[in-house]
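All remarks here apply to the structure that follows.
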Amino acid sequence: MDKRELLEKINQIFISVLDNEDIVLEYDSTADHIDDWDSLNHIQLVVAIEKNFKIRFTSQEIQSWNNVGQMLDNILLRVK
7 MDKRELLEKI NQIFISVLDN EDIVLEYDST ADHIDDWDSL NHIQLVVAIE KNFKIRFTSQ
67 EIQSWNNVGQ MLDNILLRVK
């Protein structure tokens with residue numbers, strides 16, 4: 007799976023969790039760019055991503071993400 011394919015999958019998870027069909031993620035997207043992406047929904051997003059890819063993140067990993075691209079990089083390291 008390449009980074010673009012992963013971005014599409016993550017975008018679908020965001021659409022589902024945030025119940026917003028208009029979400030279009032980019033690598034530099036942050037919570038400031040996405041309506042309803044708050045701290046509570048962030049937890050739901052992380053859990054949904056972990057379940058979807060059958061992986062677990064440490065709290066340090068999660069806190070280190072400054073944008074969607076960094077999240078994708080972390081996922082790609084685990085699913086290859």
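Just add 6 to the spot in the sequence shown (first one is 1) and you have our numbering. Ideal Cβ placement from N, Cα and C applies to all residues, glycine included.
**Prompt:** Thinking just about the alpha-carbon of each residue, which of E11, R10, K15, K9 is nearest to the one in A54?
**Reply:** K15
**Item:** Under the three-state DSSP convention, the category F63 falls into
**Value:** coil
**Message:** Out of S65, M77, Q69, S45, which one is the CA nearest neighbour of F59?
**Reply:** M77
**Message:** According to DSSP, is S35 part of a helix, a strand, or is it coil?
**Reply:** coil
**Prompt:** By the 10 Å Cβ neighbour count, where 16 or more other Cβ atoms means buried, how is I40 classified, buried or exposed?
**Reply:** buried
**Prompt:** Taking DSSP as the reference, what is the three-state secondary structure of V30?
**Reply:** coil
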